[in-house]
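The block underneath contains the structure these notes are about, expressed in structure tokens.
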């Protein structure tokens, strides 16, 4: 069977999991790898259209929301103490 559509972003998704595990699941310490996944997913949707599906990427509309939030400086959740 051929490689799954959208799997080109899988290394980025795995990097997020590794980062989260290494940093006690504190998303604020994994911003760079999260941004890399979102960039990959944006390119995936530009290439395949907004109806495309990938197990590694958020749905197109959610990705658009996340990218907008990040452009406004609203980064991922911080670990509450």
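Residue numbers (our numbering): 809 to 889. A virtual CB, placed ideally from N, CA and C, is assigned to each residue, including glycine. Computed from a prediction, not measured in an experiment: that's the story for all the values here.
Local conformation of residue i per DSSP, three classes
i           : result
residue 888 : For residue 888, the predicted structure reports a pLDDT of 46, less than 50, and the residue's modelled location is therefore unreliable. A value from the coordinates is still provided. Correct three-state label for residue 888: coil.
residue 877 : helix
residue 869 : helix
residue 768 : Any property of residue 768 remains undetermined from this structure, which presents the chain solely from 809 to 889.
residue 810 : Annotation note: pLDDT 38 at residue 810 (below 50); position unreliable, no value reported.
residue 862 : coil
Alpha helix (DSSP H) segment containing residue i, residue limits
i           : result
residue 851 : 839-856
residue 894 : No answer is possible for residue 894: the residues shown for the chain start at 809 and end at 889.
Residue j beta carbon less than 7 Å from that of residue i
i           : j           : result
residue 864 : residue 827 : no
residue 821 : residue 841 : no
Below-7 Å beta-carbon distance, residue i vs any chain C residue
i           : result
residue 851 : This model lacks chain C altogether; it includes just one protein chain.
Problem - Given 8 Å, three or more beta-carbon pairs between the segment 843-851 and the segment 874-882 - result: yes
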